[in-house]
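Below is one structure, written out as C-alpha cells; comments come after it.
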Amino acid sequence: MRPDGRSIAIAAVGVAIAFAIMVATVAAYRWWDDRHVVATDDSGLAVARVVAATLHTSADLRVSRLTGTVQATGATSRLWGWLKSTRVVKAPFEVDYFVDVRRLDPSDFRYDAANRTLTVEVPDVRPGRPNVDHARVTLDQTSGPYVSRDAMAELQRRVASTAATAVADRADDPENMAKARENGRTAISRLFGGALSAAGLPVRVEVRFAGETGPSDGERWDMSRSLQEVLANAQ
-8 MRPDGRSIAI AAVGVAIAFA IMVATVAAYR WWDDRHVVAT DDSGLAVARV VAATLHTSAD
52 LRVSRLTGTV QATGATSRLW GWLKSTRVVK APFEVDYFVD VRRLDPSDFR YDAANRTLTV
112 EVPDVRPGRP NVDHARVTLD QTSGPYVSRD AMAELQRRVA STAATAVADR ADDPENMAKA
172 RENGRTAISR LFGGALSAAG LPVRVEVRFA GETGPSDGER WDMSRSLQEV LANAQ
C-alpha cells in the first residue's frame, strides 16, 4: 500500500523530533562534561588542560586599555552566623575598550571636498569584560575562627564578583570613557587616513561617535558626497 501524504508528514515529524532529542542530549552531555567532569591522564590523575574552546569571529577594534590594581572583599557565615569569615584580595586588572567597526556602512562616511576632510561616524566606545588576574594577587588575607573548604570556595566566588563589579564601575567612569573616546578618534583616524593615503587620497579624517553633534564653531560639514563617490572620482 502506498503511504499517503499524512503518513509521510507524521513520519517526517517523528524523525525531526527524534533528531532534536538526539542533538539536545549530545549538547547537554557536552555541557555537563565541560563543566563538571574532571579531566585526567592515563594514570587517573587530574591534569591542567583546555577541555573546551570556541574561536569566535569579531570585528571589534581595540582603541584603549585601562589597567590598575583592584581590592576585592568577600564575606560568608556558617552555623547560623556563628562562624563568620572574610577575605580581602588585591590583584592587577585590565579592561579593553572597543569600537564595533562591523556596523559601519558607506552612509557613515562623508567627504568635504573643499576642506579635503573625511568625516566618519562610528558606534560609541564600549568597555569590554573586566579581566582580573587572580593568579598574580599582591595581597590575600582570610580571617575567621574556622574556614572550611566550602566557605573558602564561596569567598573566592564573592571576591571574584566584587572585583569584577568594581573594575566595571571604574571602566564606565565618565573620565575614563572620555579618554577612551579620544584614543579611539586617534586610532580610527590613523586607520582610515593611512588606507586613503595609500589609495592616493591624502585627506584629513575626523571621527564622530554616534550621538555626537557637529562642530560648534560655526563650521558646517559638507555632507554632499559619500565615500563611494570620492573613491570613484579618484579612480
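The sequence shown begins at -8 in my numbering and counts up by one.
Each residue gets a CB set at the ideal place from its N, CA and C atoms; glycine is no exception.
This structure is a prediction, so every number in the text was calculated from the model and none was measured.
Would residue i and residue j qualify as a contact pair, given that the criterion is a beta-carbon distance under 8 Å?
| i | j | result |
| --- | --- | --- |
| residue 123 | residue 89 | no |
| residue 200 | residue 115 | yes |
| residue 70 | residue 167 | no |
| residue 150 | residue 65 | yes |
| residue 118 | residue 162 | yes |
| residue 67 | residue 130 | no |
| residue 35 | residue 74 | no |
| residue 128 | residue 80 | yes |
| residue 107 | residue 195 | yes |
| residue 203 | residue 110 | no |
Could you give the DSSP three-state label for residue i: helix, strand or coil?
| i | result |
| --- | --- |
| residue 74 | strand |
| residue 201 | coil |
| residue 188 | helix |
| residue 51 | strand |
| residue 175 | helix |
| residue 194 | coil |
| residue 61 | strand |
| residue 34 | coil |
| residue 152 | helix |
| residue 139 | coil |
Using the C-alpha atoms, what's the distance from residue j back to residue i?
| i | j | result |
| --- | --- | --- |
| residue 183 | residue 172 | 16 Å |
| residue 94 | residue 137 | 54 Å |
| residue 178 | residue 97 | 19 Å |
| residue 77 | residue 112 | 48 Å |
| residue 101 | residue 153 | 44 Å |
| residue 52 | residue 60 | 25 Å |
| residue 83 | residue 33 | 37 Å |
| residue 186 | residue 125 | 40 Å |
| residue 91 | residue 140 | 43 Å |
| residue 180 | residue 28 | 49 Å |
According to the neighbour-count rule (16 or more other Cβ atoms, all chains shown, within 10 Å of its Cβ), is residue i buried or exposed?
| i | result |
| --- | --- |
| residue 121 | buried |
| residue 191 | exposed |
| residue 103 | buried |
| residue 175 | buried |
Closer than 7 Å to a non-hydrogen atom of the ligand FAD - does that hold for the CB of residue i?
| i | result |
| --- | --- |
| residue 184 | The ligand FAD is not part of the structure shown, which contains no ligands of any sort. |
Determine, for residue i, whether the minimum Cβ-Cβ distance to residues of chain B falls below 8 Å.
| i | result |
| --- | --- |
| residue 31 | No chain B appears in this structure, which consists of one protein chain only. |
Mind listing, in chain order, the continuous beta strand (DSSP E) runs of no fewer than 3 residues lying wholly within the stretch 78 to 137?
100 to 103, 108 to 113, 130 to 134
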